[in-house]
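Trainee: First residue of the sequence shown? That's 38 in our numbering, and the numbers climb one at a time after it.
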Amino acid sequence: MIRSSCLNNTARDKEGTLKSVHLRLPIFVLVASIFVLADPGLVLAGTAEQTPKKRDSHSILADGVDCFCNNDYASAEEKFNEYMKLEPADPVGIYRVVLNLYVWLRQKQKVDDPKIVDDSSYRELLRLIQDGYLKAEVQKRRGKEVAFHLSIQASLDSLRALFEHGKGDSTGAASFKKAVEEAIETDKLGSPYGTYLLGQMHYRIGERVAYQRWALDFTAHLRFQRNKGIEMIFSVPSKVRSDFACEVWSSIFQIVAKEDKNDLKKYLTPEVIRGLQEFVIKYPNNKDVQDYSLYDKLPRKR
């Protein structure tokens with residue numbers, strides 16, 4: 038299991054200690070930077086009734102996501118590892134552990150593709166990612182939320198590519214190409230998770246490094262357009278699961294903070310404005326909130 042031992046081997050500062058860091062959420066989320074936004078009525082397990090154990094485990098997951106979105110990565114790591122123990126068949130726990138590690142190291146090392154210096158920890162991380170991928174495959178074969186679990190696979194492949202590239206591993210390009218293929222397939226299934234992933238690809242294409250642009254061009258045969266990405270990202274907030282909500286809202290938050298408000302006028306519905314205001318209130322320690330001071334920049338309802 039990837040815990041602080043991995044971080045201790047990979048993200049030490051000059052004094053040999055790991056300090057808490059802030060985050061600018063990754064481009065996927067996918068993978069995920071991977072996905073989502075929230076309809077509070079949706080239940081994580083996809084069922085209306087839950088056992089006490091289920092309710093407890095999902096509460097732990099939700100707490101971990103809140104810590105993650107508030108940049109408390111150490112607490113998030115503890116919650117996600119606890120969730121993995123309670124729900125060993127659910128690949129979401131692994132995805133969360135890996136994503137949390139990625140953004141923590143990314144901010145610490147100030148690079149897009151962080152490097153796992155210790156070879157043993159690097160191999161352990163790749164094994165964990167593969168384990169999550171296989172768990173998602175089992176859920177798909179059982180017919181459980183097929184599109185959602187395909188999006189988890191896309192996110193894990195994207196994270197795998199980022200860590201491989203950071204390590205200098207030449208397989209990073211192949212992993213990212215696979216992630217693109219899976220994101221496209223998820224979108225074809227009509228999933229908001231696929232729409233969100235492709236929206237991120239459209240919007241952030243100019244920020245991609247060469248091997249990622251190659252994979253996108255080679256795989257998708259699409260004309261990636263920034264405005265198209267904005268449209269796709271703004272289309273998903275009411276369609277995705279609540280445990281991924283902060284990632285989608287964070288992406289929308291960043292777009293609103295960076296883009297000309299006149300260009301976004303048609304997207305800034307009362308529902309979106311309300312969602313952004315709630316994001317600012319709920320996650321005051323989020324780096325994007327601190328950077329952009331959206332309290333002052335949000336349009337006010339008349």
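Quick reminder that beta carbons are idealized off the backbone N, C-alpha and C, glycines included.
Exposed or buried, which one is Pro229 when buried takes at least 16 other CB atoms within 10 Å?
Mentor: It counts as buried.
Trainee: Who are the Cβ neighbours of Thr84 in its own chain at under 6 Å, not counting the five residues just before and after it?
Mentor: For Thr84, the pLDDT reaches just 33, beneath the cut-off of 50, and the residue's location in the model is therefore unreliable, although a value from the coordinates is still provided. Around Thr84: no qualifying Cβ.
Trainee: Return helix, strand or coil for Ser272, following the three-state DSSP convention.
Mentor: Ser272 falls in the coil class under three-state DSSP.
Trainee: Within the continuous alpha helix (DSSP H) that includes Thr223, where are the two ends?
Mentor: Thr223 -> alpha helix (DSSP H) spans Gly209 to Lys225.
Trainee: DSSP state of Ile292, grouped into three classes?
Mentor: Three-state result, Ile292: helix.
Trainee: Taking the Cβ atom as the reference point for each residue, do Leu313 and Val293 lie within a distance shorter than 9 Å?
Mentor: For Leu313 and Val293, yes; Cβs fall inside 9 Å.
Trainee: In the structure shown, what three-state DSSP assignment does Ile153 receive?
Mentor: It is coil, neither helix nor strand.
Trainee: Within the chosen definition, does the stretch 147-167 reach the stretch 201-220 through at least 3 CB pairs nearer than 8 Å?
Mentor: In short, these stretches touch, since the Cβ pair count reaches three.
Trainee: Below 8 Å, how does it come out for the stretch 110-127 and the stretch 177-184: are there three or more Cβ pairs, yes or no?
Mentor: Contact fails: fewer than three Cβ-Cβ distances are below 8 Å.
Trainee: Would you mind working out which of Gln144, Ala126 and Glu219 sits nearest Lys172, comparing C-alpha positions?
Mentor: Ranking the options by Cα distance to Lys172, first place goes to Ala126.
Trainee: Taking a contact to mean a Cβ-Cβ separation below 9 Å, would you say Val129 touches Tyr120 in this structure?
Mentor: It is a contact, given that the beta carbons lie within the stated cut-off.
Trainee: On the criterion of 16 or more Cβ atoms from any shown chain inside 10 Å, does Glu308 qualify as buried, or is it exposed?
Mentor: Counting Cβ neighbours within 10 Å, Glu308 comes out exposed, since fewer than 16 surround it.
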